[in-house]
Every structure is written in structure tokens, then in C-alpha cells.
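These notes concern the structure reproduced below.
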Amino acid sequence: MPLEKSQMENPSEFAKLIAREVAAELADGYATGRYAPPSEYLNTSQAAAFLGLTEAGMETMRKEGRGPSFVRASQKLVRYRVQDLRHWMEQHLIEHGGQ
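According to this note's numbering, the sequence shown is numbered sequentially starting from 116.
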């Protein structure tokens, strides 16, 4: 829906309008299945983004037997549980500037 000039001149009203439109889009997206809540299981790309790593880095760690735990449902289907990614990060926590 095009915005009227008066709607854009009042920042408060403009913000409310945008918030209503976003809320309506999200509600419709969840209701129709276009959007889904985050999965407990992430693919390699998602897990890499979650950890701030590259997909190649994740694959290398997986092949070398290091890195976070993962589920291999088939030769090509690999998934990471969010709780395992968090656990792996906690294992690498360095406190008080130590090594």
C-alpha cells in the first residue's frame, strides 16, 4: 500500500504504520507456513553463521573429527543441534585473559 505524504511527515505515525504492516506480514507468514520458527536443527550453512565460521571450516572440522557434535542422517544430510553449538562454544571460553 503506497504511503501518503502526511504519513511520512509524522515519524511516530510512520513507525506505527510500519510496525502494523510488519506484524500483519509475520502473522500471515506463520499462519500460511511461509515463515517457520527457528529449527532446533541447523544445516551446515546455518550452523556456520551461528558460530561466525565458514561452511568450509565447519566441513573441515567435521572431517577431522573436531568441532561441534552433529547428526549425520545420511551421507549428505548433516545437521547441528543448537544446544550442541552452544556447548561447543562454552568449551572454548577463555576467562580472565588466560589461554
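Cβ coordinates follow ideal geometry from the N, Cα and C atoms, glycine included.
Contact check, residue i vs residue j, beta carbons under 8 Å
{"i": "N158", "j": "R194", "result": "yes"}
{"i": "A162", "j": "L208", "result": "no"}
{"i": "F165", "j": "R177", "result": "no"}
Proximal residues to residue i (C-beta, below 6 Å), its chain only, five neighbours per side dropped
{"i": "R187", "result": "V193"}
{"i": "S160", "result": "E170"}
Residues that residue i bridges to, as DSSP identifies them
{"i": "L192", "result": "DSSP output for L192 lists no bridge partner at all."}
{"i": "R201", "result": "Beta-bridge pairing links R201 to no other residue."}
{"i": "R187", "result": "V193"}
Candidates the options, of which the one nearest residue i by Cα
{"i": "M204", "options": "K191, V137, P183 and E210", "result": "P183"}
Cβ shell of residue i (< 7 Å), same chain only, five flanking positions each side left out
{"i": "H211", "result": "none"}
**Asked** Can you find at least 3 beta carbon pairs, one from the stretch 188-207 and one from the stretch 157-173, that sit closer than 8 Å?
**Response** yes
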